[in-house]
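The sequence shown begins at 4 in my numbering and counts up one residue at a time.
Each residue gets a CB set at the ideal place from its N, CA and C atoms; glycine is no exception.
Predicted model only: the values in this text are computed from it and were never measured.
Only one structure is covered here, and it is reproduced in the block below.
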Amino acid sequence: MKVFNGKAAAEDYMSAHTLAFSTPELTLMRYSFWLADIIPDPKNKDNTVPRIMAYVEEKDFAPVSIIDDDKYEPTGAVRNISMYGNVNKITDSNTKFC
């Protein structure tokens with residue numbers, strides 16, 4: 004299976020480019036343009052390929068078992084879900100709200 008090694012690509016990009024005066028949108032746009040740059044093919048120097056192809060690797064993954072449970076079993080980590088109000092419960096019938 005061919006897999007894009009995004010971590011290696013991002014590390015190579017970040018090591019050569021600065022983030023000074025850059026927004027996340029601008030960084031992402033520049034990164035995508037950088038990946039699309041035409042470079043000499045690492046396997047055949049006579050050809051050119053987009054840079055993203057230099058980070059595509061052949062990987063052999065073992066099959067992953069898919070967990071598909073439709074039942075919910077509470078862990079008991081959350082015992083009280085009331086987030087707002089008084090910690091002490093007031094059960095007086097004279098309680099008035101605005």
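| Check | Outcome |
| --- | --- |
| How is the beta strand (DSSP E) around Phe7 delimited, first residue to last? | Lys5 to Phe7 |
| Tell me which same chain residues have a C-beta within less than 7 Å of the C-beta of Asp44, skipping the five on either side of it? | Asn50, Thr51 and Val52 |
| Whether or not the region 57–70 and the region 5–13 are in contact is what I'm after, with contact meaning three or more pairs of Cβ atoms, one per stretch, closer than 8 Å; do they touch? | yes |
| Determine, using beta carbons only, whether Ala12 and Leu38 come nearer to each other than 8 Å. | yes |
| Helix, strand or coil for Glu76? Go by DSSP, reduced to three states. | coil |
| Name the DSSP bridge partner or partners of Glu14? | None, per the DSSP bridge assignment. |
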